[in-house]
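Residue numbers (our numbering), protein chains in the order written: chain V, 4 to 313; chain Z, 639 to 890.
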Amino acid sequence: MPVALSIQNLTKTYSNNLVALKGINLNVEQGDFFALLGSNGAGKTTAIGIICGLLNKTSGSVEVLGINQGDQANEVKRLIGLMPQEFNFNPFEPIEEILINQAGYHGITRTDAKKQAEILLKKMQLWDKRSNIAKSLSGGMKRRLMLARALIHQPQILILDEPTAGVDVEIRRSMWAYLKELNANGMTIILTTHYLEEAESLCRNIAILNEGAMIEQTSMKKLLSKANQQVLILENSKKLPQEITANNFNYERLDDYSLQVILGSEVSITEVLQVLSGQGIDINHIRSTQNRLETLFLCLTNKTNKKDFS
Amino acid sequence: MWIAYKTIIVKEILRFSRIWVQTIFPPIITTSLYLLIFGGLMGQRIGVMQGVDYLHFIIPGIILMTVIQNSYANTVSSFFLAKFNHSIEELLVSPVPYWVILLGYISGGVARGLAVGISVLITVYLFVDFEINNFFIAFTTFLLTAILFSLAGFINAVFAQSFDDITIVPTFILMPMTYLGGMFYSVEILPQFWQDVSKFNPIYYMVDSFRLGFFGTSTSDLLTSMSVLIVMIVILAALAFYLLKKGVNIKT
């Protein structure tokens, strides 16, 4: 697969001497749906800012579809659509105007921009609000407006920095469906998010930044396979017996009706259920306490005990 | 690039047109008051200045003052607000060359200067009969003044960190320079020392050549006035472009 984005030894030191990026390397293939994860302050937004021309890099190189960003910044900007984390539009401007102006900055005529804006605003369920000023929109609508604006010039690479923050579940799901559709049509998408189930559900490849350094870059499948431990809550409709024998797994009694079970790779949930069933405990509800990716993420970024994972 | 430029300037014109009550209307009221008080009431006692009766004498100064204030106000407020609400990022992530961004904002300032200047000119015409002696000189001065102060407003906006910063320069620098630049008087009536000091004030040359365009009389030669204006425009344009390209207070 040709490379959509290639970052080599990228460093960024701010004027207050804060080192935001410590020589990161990253490759994103064309057509990929890629997750760039990291805690707050890990350097994700800095990296995105440099790629899109919002920030100056300290050293290193960025290439987008083979074009060097340092030499041909404007050519690179034509290829990228950015949906930033913070709202960055004029709140007093009508939303259709925001899209038409953005298209104009990309050299699209007003007539063509109006057509494209109509398609996108309808897709984002904002068409009825096209004459409203951006300030009057709800948080979720503002996010959708920024997605529409990022797509107005039909970019080849879409960069989404926390696209669904503050968006309700229904709209989030519909945004996911739309992003999947865009990706299926060949658009390369790079996503940063704090909703790790979002990354797990959408992305095929993943990189994790921690304190300005790239600590992991692999496929989502490989990363998830590293998670050899799961914490499950097992609920019983009847009161649990006082004594429960469990030789091959650890558990903790949460209350009279539920147990927290820690499953390693050596034992399956079927075996656990059989052991419990043998003691007259018929579990009628199972739920996971944590998303697998979230558990791994916390482990890799030293936010939890590393010994839980191999 | 042409489409991007057109987009910026249309956006700027729509911006100040939407708020015409704040942008176009106040200078018309102020001008009417100046004409009534300084020209009509006090002017009769002052008589003639530089060979022209006082009511007519102050017209070029009043028009140019509104052009200076409005060109400056447009770019400083528009660019500072774009920085403040981060909508400047819409331009920074787009393939718009920096010189087009600068030209777009400056053209917006000039457009407001022209819109207000013409509105004031029409208002003046309702009060006083006058003829423009040399339209070309008057219009060229008018245009160059609008360009110069749009650039100055842009530079102020680049450095401004708060709303206070965009009012300090107009209040403490621009306003005294405008009033001391011979807007309401001829510098010839000043003592020699202050006449010499006035020659370091660029607004003096603008008002003087604008007055030359209106009445055919001036206290300095046209070539000097135009040279001062053009040299200052070149210096400020180079500085504004450098600041924008470098991303001072825009990119970190």
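Where a beta carbon is used, it is the ideal one built from N, C-alpha and C, also for glycine.
Inter-residue Cα distance where the pair is residue i and residue j
i	j	result
V:Gln75	Z:Ala790	30 Å
Z:Gly747	V:Ile10	40 Å
V:Phe300	V:Glu219	10 Å
V:Glu89	Z:Leu860	52 Å
V:Val67	V:Leu8	5 Å
Z:Thr809	V:Leu58	33 Å
V:Asn308	V:Gly267	Residue confidence is low: V:Asn308 scores 43 on pLDDT, short of 50, so the model does not pin down where it sits. Its coordinate-derived value is still stated next. Using only the alpha carbons, I get a separation of about 15 Å.
V:Lys132	Z:Leu719	24 Å
V:Ile27	V:Leu148	31 Å
Z:Ala579	V:Lys225	What the structure shows of chain Z is the stretch from 639 to 890, and residue 579 of chain Z is not part of that stretch, so it cannot be assessed.
V:Asp311	V:Ala38	For V:Asp311, the pLDDT reaches just 42, beneath the cut-off of 50, and the residue's location in the model is therefore unreliable, leaving the point undetermined.
V:Ser313	V:Gln282	Because the pLDDT at V:Ser313 is just 35, under 50, the model does not fix this residue reliably, and the value given afterwards should be weighed accordingly. Cα to Cα, V:Ser313 sits roughly 32 Å from V:Gln282.
Z:Gly793	V:Ser204	The sequence shown places Ile at residue 793 of chain Z, not Gly. Rounded to the nearest angstrom, the two C-alpha atoms are 47 Å apart.
V:Asn91	Z:Val690	53 Å
Z:Phe774	Z:Gly851	7 Å
V:Pro94	V:Arg113	21 Å
Z:Phe797	Z:Leu882	11 Å
Z:Gly755	V:Ile83	42 Å
V:Tyr254	V:Lys183	39 Å
Residue from the options whose Cα sits closest to the Cα of residue i
i	options	result
V:Asn213	V:Leu21, V:Ile10, V:Lys47 and V:Gln33	V:Lys47
V:Lys15	V:Gly52, V:Gln263, V:Leu40 and V:Leu39	V:Gly52
V:Ile192	V:Gly107, V:Val65, V:Met217 and V:Met86	V:Met86
V:Thr304	V:Glu121, V:Asn188 and V:Gly215	V:Gly215
Z:Asp834	Z:Arg849, Z:Phe848 and Z:Leu818	Z:Leu818
Z:Ser847	Z:Pro814, Z:Gly699, Z:Phe676 and Z:Pro829	Z:Gly699
V:Leu257	V:Asn251, V:Leu276, V:Ile236 and V:Thr112	V:Ile236
Z:Asn772	Z:Phe780, Z:Ser716 and Z:Leu652	Z:Phe780
V:Asn239	V:Asn287, V:Glu201, V:Tyr198 and V:Thr195	V:Asn287
Z:Ile760	Z:Phe853, Z:Thr857, Z:Thr890 and Z:Thr669	Z:Thr669
V:Gln157	V:Gln119, V:Leu21 and V:Gln233	V:Gln119
V:Gly63	V:Asn43, V:Gly69, V:Lys25 and V:Ile247	V:Lys25
Z:Ala878	Z:Ile744, Z:Ile804 and Z:Asn839	Z:Ile744
V:Lys241	V:Ala249, V:Asn253, V:Asp259 and V:Tyr254	V:Asp259
V:Leu40	V:Arg152, V:Gln72, V:Pro5 and V:Ile209	V:Ile209
V:Thr167	V:Gly110, V:Ser177 and V:Asn19	V:Ser177
Z:Val869	Z:Thr816, Z:Leu786 and Z:Val825	Z:Leu786
V:Phe252	V:Leu243, V:Gln277 and V:Ser228	V:Gln277
V:Asn188	V:Thr221, V:Gly34 and V:Asn12	V:Gly34
V:Leu262	V:Ile272, V:Leu243 and V:Ile111	V:Leu243
Residue i (DSSP reduced to helix, strand or coil)
i	result
V:Ala45	coil
V:Phe37	strand
V:Gly215	coil
V:Ile174	helix
Z:Val738	helix
V:Val22	strand
V:Asn188	coil
V:Ala120	helix
Z:Met694	Reading the sequence as shown, one finds His at residue 694 of chain Z and not Met. In this structure, Z:His694 counts as helix in the three-state DSSP scheme.
V:Gly107	helix
V:Ala7	strand
V:Glu66	strand
Z:Met821	coil
Z:Lys884	helix
Z:Val762	helix
V:Met86	strand
V:Pro166	coil
Z:Ile684	helix
Z:Leu719	helix
Z:Lys889	coil
V:Asn30	strand
V:Lys80	helix
Listed by chain order, chain V residues near residue i by CB distance under 7 Å
i	result
Z:Ala749	The contacting residues do not exist; Z:Ala749 stays about 16 Å from chain V at best.
Z:Ser725	Asn91, Phe92 and Asn93
Z:Lys649	Asn104
Z:Thr645	Asn104, Gly107 and Tyr108
Listed by chain order, chain Z residues near residue i by CB distance under 8 Å
i	result
V:Asn59	Gly885, Lys889 and Thr890
V:Gln105	Glu728 and Ser732
V:Ile111	Ile641
V:Asn77	Pro733, Val734 and Pro735
Residue i CB to nearest heavy atom of the ligand ZN below 7 Å
i	result
V:Val79	For the ligand ZN, the structure offers nothing, since it holds no ligand at all.
Under 7 Å from the C-beta of residue i: neighbouring residues of chain A
i	result
V:Glu184	Any reference to chain A falls outside this structure, whose protein chains are V and Z.
Chain-ordered chain Z contacts of residue i [CB-CB under 9 Å]
i	result
V:Arg81	Ser732 and Pro733
V:Pro87	His724, Glu727 and Val731
V:Tyr254	What V:Tyr254 touches in chain Z: nothing, since even the nearest Cβ is about 51 Å away.
Per-residue contacts from residue i into chain Z (C-beta, under 7 Å)
i	result
V:Gly56	Leu730 and Val731
V:Ser222	By Cβ distance, chain Z contributes nothing, its closest Cβ being about 29 Å from V:Ser222, past 7 Å.
**Report entry** Completely contained alpha helix (DSSP H) runs for the segment 195 to 267 of chain V, where each covers 4 or more residues
**Finding:** 199 to 205 and 223 to 228
Query raised in the report: Mind pulling the alpha helix (DSSP H) runs of 4 or more residues that sit fully within the segment 770 to 844 of chain Z?
Result: 773 to 797, 803 to 807, 813 to 817 and 830 to 836
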